[in-house]
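Visitor: In case it helps, our numbering puts the sequence shown at residues 117 to 861.
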Amino acid sequence: MGTKVNAQENSDSEYVRSVKSMCRIGIERTFSLLGMFDLTYPLTKNYYVQKRALKVLHGHTNSMIIKRRRELQNQPTKKPQNDEFGPKTKKAFLDLMLDATVDGRPLTQKEIREEVDTFMFEGHDTTASAISFTIFCLANHPEVQAKALEEQQELFGSNKNPSPTYADLQSMKYLEQVIKEALRLYPIVPFYARKTNEPVEFNGSIIPKGVTINVCAYAVHRNPQYFEDPEKFNPSRFEIIDGTLPYCYIPFSAGPRNCIEPNGLSRDDGKNPDGMTLVPWIKGQPLIWDDTVVDTLADSYVLKSSEVSGIVLFALWRWLRAPSDRKYYKNVSGPPTLPLIGNALYFSSTSEILDRMMKCIKDYGGIFKMEIGPIQKTIVVADYKIVECMLSSTKELTKSEGYAFALPWLGTGLLTGDGPKWKKHRRMLTPAFHFKILEQFIDVFESCGNTLLKKLEQEVGKDSFDVYPFITLCALDVICETTMGISINAQDDVTSQYVHSVKEMCRIIMERALSPIQMFDLPYFFTKNYRIQRKALRILHEKSNSVIKHKREELETKPKEMIEEEAFTIKKKKAFIDLILEATVDGRPLTQEEIRQEVDTFMFAGHDTTASAMSFAIYCLANHPDVQKLAFEEQQAIFEGNRTPTYADLQNMKYLEKVIKESLRLYPSVPIYGRKAIEDIQCGNNDCYHRPSRCNRDRCRFVDRCLCFVETTPTRADLSRLSKRSSVEEDRRLVAQLTFTRARL
């Protein structure tokens, strides 16, 4: 939004807490019988928490939009530049939105706010996830960490506090591999869903209209058929990937709606400072896997049910209304179910859901049905051919019902939107992610990264500590400054209301998805999460609205000549919110609500996925010292002296790129996601739900799928087609290149 929230310095700010609350509530509503229905949702605590959080988030975004719009309107008019995406200025996302038009009209305030909120949500959450898991991988692979450090030393020499340039970032080839490998193992979005809007043909069979397909990236990335030794953290595997199998590596989703990515950009995250050495265990001691290592990265949620006769009758009524769907699922095996609640109890814990899904995939041959509540039935798939059929289908796919739990926070931004509005906003927002625009935010990545290093230095000497909270706050700082143009100092203010609200909303969204009570709005209104969500949403929306209002005022007060002169020049970087304030849709500017929704979306999706990717990449590097060593050597080869990394440096980090890809293969940021078919889809002889994390560990395509060594390389040449095509061929996209650039920094 072009503003600073200083989340790292003020982690307990109202805005930060509201973001957290909305993230939590969105998840909780998906799995809650009460929360999933709008009718019962007001009965829950999360509803009131959401209202408060949305008030904060939307208020902040709207205020920034209004302020920035006024600034842009008061800027003097000057000649436009020939290269509108040249390196002459940094434009925040909000500025692009304010300048944009859709069908000849500028975006409304609501449209701008929706897009800004969307990017705030998607951007900070995914970024924090990517960074956290990258660090997690580095810490567990000292050899990889050492190699990544060497690469940094080659770039910066003995300088312990360099100022990397964009060219430096482009030179971090090995670090790029590290991040990619971390995202392979720990994808930012481990699973996501799509719903078929029409029948889809696959392998001689028809997937009917209205079927929800959950893509489990976590399983896809660990498929031995496509990755040799899929469980092994091996950044070097990305040296040979050529994109021949585009759907076996999908850390950011795939297809037409995958991450917005600039042409030629294959690396996403920034600098791996040589001022940090990750030590997973006492030297000389064997590494003993503890499931809690990864489980602690997600809040444990135990199903809490307070069934009353009215709720049961309501659920029964909904169940009886959906008999036509049952025939599509009756021939698909799955874990045992109970009346009305299905197998919600089996999948009720967010800390165990991945393990249980992997077990079901193994037990039922790569495809099984999952039933949460009386009517929410999905098919989980981890078979590459089915995944390819679904994600490359020209049939219209929509987001599954679980995404609706994020609507109170994100509205109908890019993450949750569908139809013509999504297409128009997608076209409008794509220019905001041109690589030359991203290049101008290298200093933001570096500044937030330096703050992160200072925080991690305070943990030196401890036996162990959870790196994910640090990475999440850092990612939140980055996404706030690049999306809203404000500093929330989350890393320095861990108790900020905004940071807390973001965490709460992320938790609630997940919990609702797994709760047979909270997934329905009517019973959800009676839960504690509903009240928490209301508070978090008030904080989050107020923060977003205030930022939007402030930015709009700045835009309106700036002379027109100055606007034209500064358009795309190096004189002033523009945050996402600045861009969206200037954007138009159908000839009209975005409304306050639209801007806030996009800002919140990018805030959520950006910080969480990035934090996941970074955390698991670090985890993989820490567990593989040999890989870490190679990544470090690559950095040493790139950097000499005390200088700031450049985008060119990032492009040179070939090995680090492989490390990140390998970590994303093993730990995709989004291990499972869902799609719903609007019409029947035929996929061979199978009717199918997709899970990337299982695909990434398929033994038929990846040898040694759980062990990670740099020396390991795929046995099939066609394994590498994925990386080059995954960013352009799926129906839903995150902002992959921004996440990747942050992870490398």
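Every residue, glycine too, gets a C-beta built ideally from N, C-alpha and C.
Identify the residues that DSSP records as bridge partners of Asn178: which are they?
Guide: The sequence position of residue 178 within the sequence shown is 62, counting from 1. DSSP output for Asn178 lists Asn661 as bridge partner(s).
Visitor: In the DSSP assignment, what are the bridge partners of Phe891?
Guide: As shown, the chain starts at 117 and ends at 861. That puts residue 891 outside it, with no answer to give.
Visitor: Between which two residues does the alpha helix (DSSP H) containing Lys296 stretch?
Guide: As a first step, residue 296 must be located in the sequence shown, where it is residue number 180. Segment 289-300, the alpha helix (DSSP H) holding Lys296.
Visitor: Taking the Cβ atom as the reference point for each residue, do His257 and Val583 lie within a distance shorter than 7 Å?
Guide: Within the sequence shown, numbered from 1, the residue matching residue 257 stands at position 141. Within the sequence shown, numbered from 1, the residue matching residue 583 stands at position 467. Not in contact: His257 and Val583 (Cβ atoms no closer than 7 Å).
Visitor: Nearest-angstrom Cα distance between Gly527 and His657?
Guide: In the sequence shown, residue 527 corresponds to position 411, counting from 1. In the sequence shown, residue 657 corresponds to position 541, counting from 1. Going by the C-alpha atoms only, they are around 11 Å apart.
Visitor: Would Glu144 and Glu627 qualify as a contact pair, given that the criterion is a beta-carbon distance under 7 Å?
Guide: The residue given as residue 144 occupies position 28 in the sequence shown. The residue given as residue 627 occupies position 511 in the sequence shown. In contact: Glu144 and Glu627 (Cβ atoms closer than 7 Å).
Visitor: With C-beta atoms as the reference, is Pro787 less than 7 Å away from Pro306?
Guide: Within the sequence shown, numbered from 1, the residue matching residue 787 stands at position 671. Within the sequence shown, numbered from 1, the residue matching residue 306 stands at position 190. Yes; because the gap between Cβ atoms is below 7 Å, this pair is in contact.
Visitor: Tell me whether Arg221 sits in a helix, a strand or coil according to DSSP, three-state version.
Guide: Stepping through the sequence shown from its first residue, residue 221 is reached at position 105. In the structure shown, Arg221 sits in a strand (DSSP, three-state: E or B).
Visitor: What is the DSSP secondary structure of Asp608, counted as helix, strand or coil?
Guide: For the purposes of this step, residue 608 is identified with residue 492 of the sequence shown, where counting begins at 1. Strand, per DSSP.
Visitor: What's the gap between the Cα of Asp215 and the Cα of Glu130?
Guide: On the sequence shown, residue 215 is found 99 positions in, with the first residue counted as 1. On the sequence shown, residue 130 is found 14 positions in, with the first residue counted as 1. Approximately 29 Å, taken between the alpha carbons.
Visitor: Is it buried or exposed, Gln574, if we count other Cβ atoms within 10 angstroms and call 16 or more buried?
Guide: Numbered from its first residue, the sequence shown carries residue 574 at position 458. When all chains shown are included, Gln574 counts as exposed.
Visitor: From Thr160, Ala460, Cys253, Ser179, pick the residue whose C-alpha is nearest to that of Cys736; which is it?
Guide: In the sequence shown, counting from the first residue as 1, residue 736 sits at position 620. Selected option, being the one with the closest Cα: Cys253.
Visitor: Please report the distance separating the alpha-carbon of Gln557 from that of Thr598.
Guide: Translated into positions along the sequence shown, residue 557 becomes position 441. Translated into positions along the sequence shown, residue 598 becomes position 482. Checking the sequence, you will find Phe at residue 557 rather than Gln. Roughly 7 Å separates the two Cα atoms.
Visitor: Consult DSSP for Phe586 and reduce its assignment to one of helix, strand or coil.
Guide: Sequence index remark: in the sequence shown, residue 586 carries index 470 (1-based). Phe586: helix per DSSP, three-state reduction.
Visitor: For Met769 and Leu361, what's the separation of their Cα atoms in angstroms?
Guide: Counting from 1 along the sequence shown, the entry for residue 769 is found at position 653. Counting from 1 along the sequence shown, the entry for residue 361 is found at position 245. Rounded to whole angstroms, Met769 to Leu361 spans 23 Å at the Cα level.
Visitor: Give a single yes or no on whether Phe153 has its beta carbon closer than 6 Å to a heavy atom of the ligand ATP.
Guide: What this structure holds is no ligand at all, so the ligand ATP is not there to describe.
Visitor: Tell me the DSSP secondary structure of Glu749 in three-state form.
Guide: Position 633 of the sequence shown, counted from the start, is the residue given in the question as residue 749. The answer is helix: DSSP assigns Glu749 an H, G or I state.
Visitor: Where does Gln634 sit, in a helix, a strand or coil, going by DSSP?
Guide: Against the sequence shown, residue 634 aligns to sequence position 518. Looking at Gln634 - three-state DSSP - the assignment turns out to be strand.
Visitor: For Pro367, which residues does DSSP report across the bridge?
Guide: In the sequence shown, counting from the first residue as 1, residue 367 sits at position 251. Beta-bridge pairing links Pro367 to Ser369.
Visitor: By the three-class DSSP mapping on this structure, what secondary structure does Pro524 have?
Guide: In the sequence shown, the residue the question calls residue 524 occupies position 408. Pro524: helix per DSSP, three-state reduction.
Visitor: Write down the C-beta distance between Leu212 and Pro632 rounded to the nearest angstrom, noting that I regard them as a contact closer than 8 Å.
Guide: Within the sequence shown, the letter at position 96 stands for residue 212. Within the sequence shown, the letter at position 516 stands for residue 632. Actually they do not touch by this definition, with Cβ atoms about 42 Å apart.
Visitor: Evaluate the contact criterion for the region 612-624 versus the region 165-177: three or more CB pairs, one atom per stretch, below 8 Å.
Guide: Under the three-pair Cβ rule at 8 Å, the region 612-624 counts as touching the region 165-177.
Visitor: Are there three or more Cβ pairs, one per stretch, closer than 8 Å when the region 477-484 is compared with the region 293-302?
Guide: no
Visitor: What is the DSSP secondary structure of Arg338, counted as helix, strand or coil?
Guide: Locating residue 338 in the sequence shown gives position 222, where the first residue counts as 1. Coil at Arg338, not helix or strand.
Visitor: Among Met152, Asp154, Arg133, Tyr163, which residue has its Cα nearest to the Cα of Lys644?
Guide: In the sequence shown, residue 644 corresponds to position 528, counting from 1. Measuring from the Cα of Lys644, the nearest candidate turns out to be Tyr163.
Visitor: Assign Thr567 to one of three DSSP states: helix, strand, or coil.
Guide: Counted from its first residue, the sequence shown places residue 567 at position 451. Three-state result, Thr567: helix.
Visitor: Looking only at C-alpha atoms, which of Gly273, Leu531, Pro741, Arg759 sits nearest to Asp233?
Guide: In the sequence shown, counting from the first residue as 1, residue 233 sits at position 117. Ranked by Cα distance from Asp233, the first of Gly273, Leu531, Pro741, Arg759 is Leu531.
Visitor: Which complete beta strand (DSSP E) runs does the region 308-333 hold, if anything under 3 residues is left out?
Guide: 316-318, 321-323, 328-331
Visitor: What is the DSSP secondary structure of Ala216, reduced to helix, strand or coil?
Guide: Counting from one through the sequence shown, the residue named residue 216 turns up at place 100. Three-state result, Ala216: strand.
Visitor: Who pairs with Asp593 in a beta bridge, going by DSSP?
Guide: Indexing the sequence shown from 1 puts residue 593 at position 477. In the DSSP output, where bridge partners are listed per residue, Asp593 has none listed.
Visitor: Which class does Thr707 belong to by DSSP, given the choice of helix, strand or coil?
Guide: Your numbering for residue 707 matches position 591 in the sequence shown. DSSP places Thr707 in strand when its eight states are reduced to three.
Visitor: Could you say if the region 323-333 and the region 267-281 meet the contact criterion of at least three C-beta pairs nearer than 8 Å?
Guide: Contact between the region 323-333 and the region 267-281 is absent, with fewer than three C-beta pairs closer than 8 Å.
Visitor: Quick check: what's the CA-CA separation for Glu355 versus Val503?
Guide: If you number the sequence shown from 1, residue 355 lands on position 239. If you number the sequence shown from 1, residue 503 lands on position 387. Their Cα atoms are separated by approximately 24 Å.
Visitor: Does the Cβ-Cβ distance between Phe718 and Gly239 come in under 7 Å?
Guide: As a first step, residue 718 is located in the sequence shown; it is residue number 602 there, counting from the start. As a first step, residue 239 is located in the sequence shown; it is residue number 123 there, counting from the start. In contact: Phe718 and Gly239 (Cβ atoms closer than 7 Å).
Visitor: Where do the ends of the beta strand (DSSP E) carrying Gly790 lie?
Guide: Working through the sequence shown from its first residue, we reach residue 790 at position 674. Looking at the DSSP string, the run of the beta strand (DSSP E) that includes Gly790 is 788-794.
Visitor: Let me know the secondary structure DSSP gives Ala123 once reduced to three states.
Guide: Reading the sequence shown from its first residue, position 7 is the one you call residue 123. DSSP places Ala123 in coil when its eight states are reduced to three.
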